[in-house]
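Numbering (the numbering used here), first residue to last: 421 to 1070. Idealized CB from N, CA, C, for every residue including glycine. All values derive from a computational prediction rather than experimental measurement.
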C-alpha cells in the first residue's frame, strides 16, 4: 500500500492571485523520476492556501503518512501551528520542515517544537529524496546529510550538516514541464509563477541567506532543454506574471537570450504579460539592454537598481559592494532618457548606518537621477545569516523588535488566526531608536511626496535652481506639517507616526481605504497618496503656502510668476483618477518643464524666463475618469514600480 505524502507551501493571497507552489513542486518532480518512489508513494494535491479553520483542516489529515512543509519567514508561524495540530490528530504522521527559515542551529529546536520530526537544511531535493528512501527502509534518518532528526525513541537530536556539494541542477526535472501543477491550473485562480534560471549568488551580504558559502557559486539551469520550454508553458497557461527568483539576473550574457525568448512568446501569444526579477547587483549595460527589451514589449515591472545603503562604512560592514556612483548616474541618465522606470531598494537600520548617512543617501540617489521609485525596507534579522550571528549582534549592538510582517496588498480577509512575525533591527551602535523612527518617517515622506510624484517636479526645480538639497526641502515639509497639523500634509505625517507606534506595539500597520472599494491593506505611503488624491485641489492650495514657508526659512528670493508656473505644472503632471485622457495645455513663463526633465537626465541646464509665455502640452495617461478602484489598483498597486505617477510633457 502506498504511503500518502502531503506537500504544503502556503503563500499570501492578493485577491484571487496566488503563486504556484514551486518549491514543493520541485521536490515532487525530483522524487517522482525514480521508479521506487512512484511505486511506494502517492503525492496528494498541493496545499497553497491557509484556511480560516485550521483545526478542521488538520483533522482531515488522519490518512496522511508524511507532511512536508516549505518554510519561509512569511509562513513560519502557520507551518508550526498547522504541524502541531496535524500531529495532535495523527500522532503517527512524519512531519518534515524545510526551506530558508529552517535554522542551521537546531540544538534546542525539538525542545520547543516536539511535534516536528525532521528538519532539512539547505537545498531540499536530494535531502527529501533520501528521507523517502529511509522511510521505505530502516527509518533511521539521523545519519542523512543535511538533516536534523528528533529521535524520540532515544530522546536525542541527531544532526548532520549540509551537503558539501550542492545538487547539479540538470538533475532536477521541471515541475512545470512534468505536469506537476496540471490539476492546479484547472482551479479558478489567477496564477503567478516563480521561476529560476540559476541558483546562487557571488556576494556575501550579511543580511541575506544567499551570502552563505553554500550558495556562493552560481549554477545554471539548461537554457534550450528547459528554460525555453518553461517559457512556452507560462505562455500556454496564460500567466500574467512570472517572478524570476535569480539573485542577479543580467550577470550572464545568456540572460539577454532568455529575455528575448520571454519577449518573443509575449509578442506571439500575449503571455506572460509581465516579468519581474532582481537584476544584477552591480547593474551594467547588459541590464539596460534587457530592460529595454522588456520595456518595448510592455513586460517591465521596473528595473531594480538596488543599493541598500549609500554609506561606504555601512557597505563594508554588511559586505556589500555597490555600483560606482558615476556609473550609477550614467545608467540612471540612460534609463531616464529612455523613459524606462527603475526602482532602488534601500534598507533602514543596517549596522554602521547613522541617521545622517541614511538621509544623505537619499540626497545622493535623487541628485543621481533616481526619481522614479525608492523602496525602503526595514532590516529584518533572518535565520542563517551572518547578521543574525550572536557575535555580529554583540559587535554592532543590534537591538530588534518582533512585529507582524507587513504584507502589502493582501486581502484583509487573508489575515487569519495565525500572525506571522519578523524581527527588525531598530537600534544599532550608530543609530538610536528615536533616530530609527525619524528615518522611518523621512523615508515615507520621500516615497509619498517625491517618488509617487505629488511634489516631485516642485522639489526638483527648487533644489536645482536654489542650490539646496532634497533633504532641506523634505525636512522642511515635515517641520511645516508639525506646525500645521490640520493641513493634509500634517494629517498624513500624523498617520505616519501612528504607523510607527503600531509597529513598535506589535500591531499590523497596514491601512484600509474603504472609499477605493478594495478590501486590501495598503502601505502607509500609498494610503497617504490615495487619501490626498481625494482632496487634490486643497492639497496644492496648502502646498503653495508651504513653498512660501520653505523659501522664507532659507531666505530664498521669491518670484511669484515662477512659483505660479511651478504649481501649475506640478498639478497637471501628477496622474489622477479624474483625468480623462485628454491633453492639457498650460501657459508657462519659464522653461520649468525642460529644466526639470534635463535635470533628471543629468543634463546641466539653466532656468530661463521667456519674453512671452509659451504653451506646454501635458499628455494625460489615465483615461477612465472617476474610476477610483481601477486607479488604485493599476496605478498605485500594480503600477508603482512601473513609474505610473507622472504624465508626459510633450
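Exercise. What does DSSP give as the partner residues of residue 766 in its beta bridges?
Worked result: Beta-bridge annotation (DSSP): residue 766 is paired with 728 and 796.
Problem set entry | Neighbourhood of residue 663 by C-beta, 6 Å cutoff - its chain only, sequence neighbours within 5 removed | Here the set comprises 614 and 696.
For this session: Would you mind reading off the limits of the beta strand (DSSP E) that contains residue 568?
Result: Residue 568 -> beta strand (DSSP E) spans 567-571.
For this session: Compare the beta carbon distance of residue 481 and residue 426 with 9 Å and say whether it is the shorter of the two.
Result: Annotated as proximal: residue 481 and residue 426, with beta-carbon spacing under 9 Å.
For this session: Can you tell me the Cβ-Cβ gap for residue 1074 and residue 545, rounded? I've got them flagged as a contact below 8 Å.
Result: One cannot answer for residue 1074 here, as it falls past the ends of the chain, which runs 421 to 1070.
Exercise. In this structure, what does DSSP give as the bridge partners for residue 690?
Worked result: Residue 690 pairs with nothing; no bridge assigned.
Problem set entry | Other residues of its chain near residue 475: CB distance less than 7 Å, five sequence neighbours each side excluded | Hits under 7 Å: 505.
Exercise. Where does residue 740 sit, in a helix, a strand or coil, going by DSSP?
Worked result: If DSSP states are grouped into helix, strand and coil, residue 740 belongs with coil.
Problem set entry | Where residue 491 sits in the DSSP three-state scheme | Correct three-state label for residue 491: coil.
For this session: Please decide whether residue 473 counts as near chain B, where near means a Cβ-Cβ distance under 9 Å.
Result: The displayed structure is made up of one protein chain only, and chain B is not part of it.
Exercise. With respect to the beta strand (DSSP E) encompassing residue 824, which residues constitute its N-terminal and C-terminal limits?
Worked result: Where residue 824 is concerned, the enclosing beta strand (DSSP E) stretches over 819-824.
Exercise. For the beta strand (DSSP E) that contains residue 611, what are its first and last residues?
Worked result: Residues 610-615.
Exercise. Assuming residue 829 contacts residue 933 under a Cβ cut-off of 8 Å, what Cβ separation, rounded to an integer in Å, is found between them?
Worked result: Rounded, the Cβ-Cβ distance is 12 Å, inconsistent with contact.
Problem set entry | residue 508 vs residue 515 beta-carbon contact at 9 Å | In this structure, residue 508 lies away from residue 515, with their beta-carbon atoms at least 9 Å apart.
Problem set entry | C-beta atoms of residue 493 and residue 800 nearer than 9 Å | A Cβ-Cβ contact shorter than 9 Å links residue 493 with residue 800.
Exercise. Expressed to the nearest angstrom, what Euclidean distance is found between the alpha-carbon atoms of residue 808 and residue 626?
Worked result: Looking at the two C-alpha atoms, the distance is approximately 8 Å.
Exercise. Is residue 764 buried or exposed, if buried means 16 or more other CB atoms sit within 10 Å of its CB?
Worked result: Counting the other CB atoms within 10 Å of its CB gives residue 764 a total of 16 or more, which places it among the buried residues.
For this session: Closer than 6 Å by C-beta to residue 440: which residues in its own chain qualify, once you throw out the five before and the five after it? Chain order, please.
Result: 601, 611 and 613.
Exercise. Shortest alpha-carbon distance to residue 501 belongs to which of 1066, 840, 1046 and 732?
Worked result: Minimum Cα distance to residue 501 is reached at 840.
For this session: Mind checking who residue 423 pairs with in its DSSP beta bridge?
Result: As DSSP reads the structure, residue 423 sits in a beta bridge with 461.
For this session: For residue 816, collect the residues of the same chain with a Cβ closer than 6 Å to its Cβ; drop the 5 residues on either side in sequence, then sort them by chain order.
Result: Contacts found: 771, 848 and 849.
Exercise. Buried or exposed: which applies to residue 732, given that a residue is buried once 16 or more other Cβ atoms fall within 10 Å of its Cβ?
Worked result: By the neighbour-count rule (16 or more Cβ atoms within 10 Å), residue 732 is not buried but exposed.
Exercise. Hey, out of 473, 617, 1046 and 608, whose CA is closest to residue 646's CA?
Worked result: Comparing Cα-Cα distances from residue 646 to each of 473, 617, 1046 and 608, the minimum goes to 617.
Exercise. How should residue 1005 be labelled, buried or exposed, when 16 other C-beta atoms within 10 angstroms of its C-beta is the threshold for buried?
Worked result: Exposed is the call here.
For this session: Evaluate the contact criterion for the region 850-870 versus the region 991-1002: three or more CB pairs, one atom per stretch, below 8 Å.
Result: Touching, no, given that fewer than three Cβ pairs across the two stretches are closer than 8 Å.
Exercise. Cα separation between residue 1033 and residue 1013?
Worked result: Going by C-alpha positions, residue 1033 is about 13 Å away from residue 1013.
Problem set entry | Nearest neighbour of residue 422, chosen from 445, 454 and 460 [CA to CA] | It is 460 whose Cα lies nearest to the Cα of residue 422.
Exercise. What first and last residue would you give for the alpha helix (DSSP H) that runs through residue 784?
Worked result: Run containing residue 784: 775-787, per the alpha helix (DSSP H) assignment.
Exercise. Of the residues 796, 975, 1045 and 479, which one's Cα is nearest the Cα of residue 863?
Worked result: Nearest in C-alpha terms to residue 863, of all of 796, 975, 1045 and 479, is 796.
Exercise. In terms of DSSP beta bridges, what is residue 851 paired with?
Worked result: In DSSP, residue 851 forms a bridge with 848.
Exercise. Cα separation between residue 561 and residue 569?
Worked result: Those two C-alpha atoms are separated by around 6 Å.
Problem set entry | Range covered by the beta strand (DSSP E) that runs through residue 942 | DSSP places residue 942 in the uninterrupted beta strand (DSSP E) bounded by 938-942.
Problem set entry | Cβ separation of residue 1142 and residue 1009, assumed to be a contact under 8 Å, to the nearest whole Å | Residue 1142 cannot be examined here, being either before or after the span of the chain that is shown, 421 to 1070.
Exercise. From residue 996 to residue 621, what distance separates their C-alpha atoms?
Worked result: Approximately 41 Å, taken between the alpha carbons.
Exercise. Excluding the five sequence neighbours on either side, which residues of its own chain have a C-beta within less than 7 Å of the C-beta of residue 451, listed in chain order?
Worked result: Closer than 7 Å at the Cβ level, and outside the excluded window around residue 451, lie 457, 548, 549 and 552.
Exercise. Does the Cβ of residue 992 have 16 or more other Cβ atoms within 10 Å, making it buried, or fewer, making it exposed?
Worked result: Buried, because 16 or more other Cβ atoms sit within 10 Å of the Cβ of residue 992.
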